[in-house]
Amino acid sequence: MSITLQQLEFFLMIVVRMAGFIYTAPFFGLRNVPLRIKTGLTMAIAVVMFYVLPYEPLEYAGVIGFALLVVEETLVGLILGFVANICYQILAFSGQILDMEIGFSMVNEMDPVTSAQVTVSGNMYSYAVMLMLMITYMHHYLLDALIDTYSIVPLGKAAVNPMIYSVVVKMIGEYFVLGFRIVLPVFAAMLIVNSVLAILARVAPQLSMFVIGIQLKVFVGLAVMVVMIKMIPGIASLIFDKMLEVMREAVAYF
């Protein structure tokens with residue numbers, strides 16, 4: 004079977020959009036995922052999509068026009084992967100707030116996946132939800148959402164609307180709201196602990212509330228975290244639903 008130059012260009016458009024998403028999306032874009040795996044997955048899905056999608060000749064004017072098409076298709080994949088990744092980073096933000104409350108904010112560790120300093124709780128939640136993502140096959144739904152964009156935004160017809168920044172701004176606002184909602188049980192527990200310590204400081208001023216408070220906050224914080232383990236499936240569902248919702252909103256601006 005011979006492939007014409009026009010069909011090869013069509014295939015390239017499929018590849019660049021898929022590659023932009025694979026390299027920025029959560030789970031697929033992790034640094035500890037070998038480059039060969041990312042490239043192989045991109046090419047494998049692109050080959051399947053090439054035979055599934057109805058062929059439509061690309062319209063462009065010269066080399067510059069073709070280069071612009073490549074850039075636009077790459078941006079589609081990058082933006083979709085980026086907004087999905089913002090949703091996933093909510094967990095790291097929640098863990099950072101949680102560790103500040105229970106006194107673990109100084110216990111940071113180097114995450115080889117992100118090459119950044121992360122908190123213990125943030126890392127725990129991130130890996131727990133990543134495990135839920137694999138168990139529930141949610142990464143398949145992320146790919147399905149991207150594949151659907153080939154029908155919603157045909158290849159060569161993508162035009163990034165500058166107003167797409169509104170989706171990012173909205174997501175950043177919800178980033179903080181969702182982050183605080185996840186650690187709300189810890190906030191409530193720490194409020195009770197601080198109130199008890201304040202009362203004890205007035206009733207028994209001879210006691211060292213600083214020393215007692217540190218130990219009590221750690222104990223109560225860890226106890227609440229153990230109880231919150233049951234909430235991880237609900238947290239994962241919330242994050243996944245938000246990912247798909249934000250991706251659908253972003254597609255509307257192409």
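Residue numbers for the sequence shown follow my numbering, so the first one is 4 and each next one is one higher.
Every residue gets a Cβ at the ideal spot worked out from N, C-alpha and C, and that includes glycine.
Bear in mind that the values here come from a model prediction, so they are computed numbers and not experimental data.
Phe30 to Leu146, Cα distance in whole Å? For this step, residue 30 is matched to residue 27 along the sequence shown. For this step, residue 146 is matched to residue 143 along the sequence shown. Between Phe30 and Leu146, the C-alpha separation is close to 11 Å.
What is the DSSP secondary structure of Thr77, reduced to helix, strand or coil? On the sequence shown, residue 77 is found 74 positions in, with the first residue counted as 1. Secondary structure of Thr77 (DSSP, three-state): helix.
Please classify Asp102 as buried or exposed, where buried requires at least 16 other C-beta atoms within 10 Å of its C-beta. As a first step, residue 102 must be located in the sequence shown, where it is residue number 99. Buried, by the Cβ-count rule.
Leaving out five residues before and five after Tyr58 in sequence, what residues of the same chain have Cβ atoms less than 7 Å from its Cβ? As a first step, residue 58 is located in the sequence shown; it is residue number 55 there, counting from the start. Answer for Tyr58: Gln10 and Phe13, listed in chain order.
Give a yes or no on whether the C-beta atoms belonging to Val123 and Phe107 are separated by under 7 Å. Start at 1 with the first residue of the sequence shown, and residue 123 comes out as number 120. Start at 1 with the first residue of the sequence shown, and residue 107 comes out as number 104. It is a contact, given that the beta carbons lie within the stated cut-off.
Look at the alpha carbon of Phe257 and the alpha carbon of Ile25, and state the distance between them as a whole number of angstroms. Position 254 of the sequence shown, counting from 1, holds the residue named residue 257. Position 22 of the sequence shown, counting from 1, holds the residue named residue 25. C-alpha separation (whole angstroms): 19 Å.
For Val18, name the three-state secondary structure that DSSP assigns. As a working note, residue 18 is residue 15 in the sequence shown. It is helical.
Using only alpha-carbon positions, find the residue among Ile175, Ser198, Arg184 and Phe190 that is nearest to Ile235. Position 232 of the sequence shown, counted from the first residue, corresponds to residue 235. If we check each option's Cα against that of Ile235, Arg184 comes out closest.
Measuring CA to CA, which of Met133, Tyr54 and Thr77 is closest to Asn88? Locating residue 88 in the sequence shown gives position 85, where the first residue counts as 1. Nearest to Asn88 by C-alpha distance, out of Met133, Tyr54 and Thr77, is Met133.
Which runs of the alpha helix (DSSP H) fall wholly inside the region 201–247 and span at least 4 residues, in chain order? Listed in chain order, they are 212–231.
Judging by CA-CA distance, which residue of Ala192, Leu203, Tyr178 and Leu56 is the nearest neighbour of Tyr91? The residue given as residue 91 occupies position 88 in the sequence shown. Across the set Ala192, Leu203, Tyr178 and Leu56, the C-alpha of Tyr178 shows the shortest separation from the C-alpha of Tyr91.
Alpha-carbon spacing of Tyr144 relative to Val199, whole angstroms: For the purposes of this step, residue 144 is taken as the residue at position 141 of the sequence shown. For the purposes of this step, residue 199 is taken as the residue at position 196 of the sequence shown. Pairing Tyr144 with Val199, the inter-Cα distance amounts to about 47 Å.
Compute the Euclidean distance between the alpha carbons of Ile93 and Glu62, then round it to the nearest angstrom. Here the question's residue 93 lines up with position 90 in the sequence shown. Here the question's residue 62 lines up with position 59 in the sequence shown. In this model, Ile93 and Glu62 are separated by some 40 Å (Cα to Cα).
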